[in-house]
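The sequence shown begins at 1 in UniProt numbering and counts up by one.
Think of the CB as a built atom: it goes at the ideal place given N, C-alpha and C, for glycine as much as any other residue.
Note that this is a predicted model, so its numbers are computed, not measured.
What follows is a set of notes on a single structure, which appears directly below.
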Amino acid sequence: MTEAVIHMTQFRFSPPGSQSPYIRGGGIYLRLPQMRDFDAWAAVRDESRRFLERWEPLWPADDLTRAAFRRRINWYEEDVARDASYPFFLFREGDDALMGGLTLGPVRRGVVQACTLGYWMGERFARQGYMSKAVAAAAYFVFNTLGLRRIEASCLPINEPSIGLLEKVGFVREGYARQYLCIAGVWEDHFLYALLKDDFLRRYST
């Protein structure tokens, strides 16, 4: 097998069409968010607020409340049912610590067959290799379970850890978009990345 971030044979994936997709292996697991995750999610987001806010859209005033989280869960369930997006929380095997999350969406079918990747990690879990494994495994889910052919991602030019993560997994920088997203209240330029199914499977196959 080609040297890569993670060996896909270490992971178990939910079957195609599952209403409760999951990914497990390599010391981590990904599953759909549930209401029972609220306390752990709110805690890791709150303790990491200063670490995360510089990379994310402005947080609503009620962002960390149970009511807002319940709305979030409802949106997530609707999105999965519609094949619109697939949100996951990232956990560490062993102690089930909620470390972060990633979202695959919006899913574009038809002549596009692509989705967009977004992710976040709690500060105390960052830069330990967990998200690299999660993104690689999620890409396998996208290409083999969802049947898409392209994953797109973007990051701020100053976000060196995110750039390193994407390139480690195999994403290729394709462009530079001016004032692409509103981050921390400012319209920021972004690097644009993409990972193609053929390239990914070639890299991670035996």
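For residue j and residue i, believed in contact at Cβ under 8 Å, the rounded distance
i: residue 67; j: residue 60; result: Not confirmed; about 11 Å, so no contact.
i: residue 250; j: residue 47; result: Examination of residue 250 is not possible in this model, given that the chain is present from 1 through 206 alone.
i: residue 226; j: residue 58; result: This structure gives no information on residue 226, because the portion of the chain shown stretches from 1 to 206.
i: residue 28; j: residue 130; result: 6 Å
i: residue 170; j: residue 199; result: 6 Å
DSSP bridge partner residues for residue i (one or two, in chain order)
i: residue 121; result: 100
i: residue 116; result: 152
i: residue 54; result: DSSP output for residue 54 lists no bridge partner at all.
i: residue 158; result: Answer is none; residue 158 lacks a bridge partner.
i: residue 188; result: 181
i: residue 219; result: A query on residue 219 cannot be resolved here, the shown segment of the chain reaching from 1 to 206 and no further.
i: residue 13; result: 23
i: residue 172; result: 194
i: residue 90; result: 30 and 100
Beta-carbon spacing of residue i, residue j below 9 Å
i: residue 80; j: residue 21; result: yes
i: residue 107; j: residue 86; result: yes
i: residue 30; j: residue 89; result: yes
i: residue 168; j: residue 132; result: yes
i: residue 143; j: residue 201; result: yes
i: residue 209; j: residue 55; result: For the chain, the structure presents residues 1 to 206; residue 209 sits outside this window and is missing.
i: residue 207; j: residue 72; result: Nothing can be reported for residue 207: it is not among the residues displayed for the chain, which extend from 1 to 206.
i: residue 196; j: residue 173; result: no
i: residue 77; j: residue 116; result: no
Alpha carbon of residue i to alpha carbon of residue j, nearest angstrom
i: residue 114; j: residue 104; result: 9 Å
i: residue 181; j: residue 187; result: 6 Å
i: residue 154; j: residue 36; result: 30 Å
i: residue 24; j: residue 98; result: 14 Å
i: residue 91; j: residue 134; result: 10 Å
i: residue 147; j: residue 194; result: 16 Å
i: residue 150; j: residue 119; result: 17 Å
i: residue 145; j: residue 14; result: 8 Å
i: residue 84; j: residue 100; result: 21 Å
i: residue 75; j: residue 10; result: 31 Å
i: residue 190; j: residue 51; result: 19 Å
i: residue 136; j: residue 62; result: 32 Å
i: residue 94; j: residue 159; result: 30 Å
i: residue 127; j: residue 12; result: 24 Å
Scan the region 18-52 and note each continuous alpha helix (DSSP H) run of 4 residues or more that stays entirely inside, going in chain order.
Fully enclosed alpha helix (DSSP H) runs of 4 or longer: 38-47.
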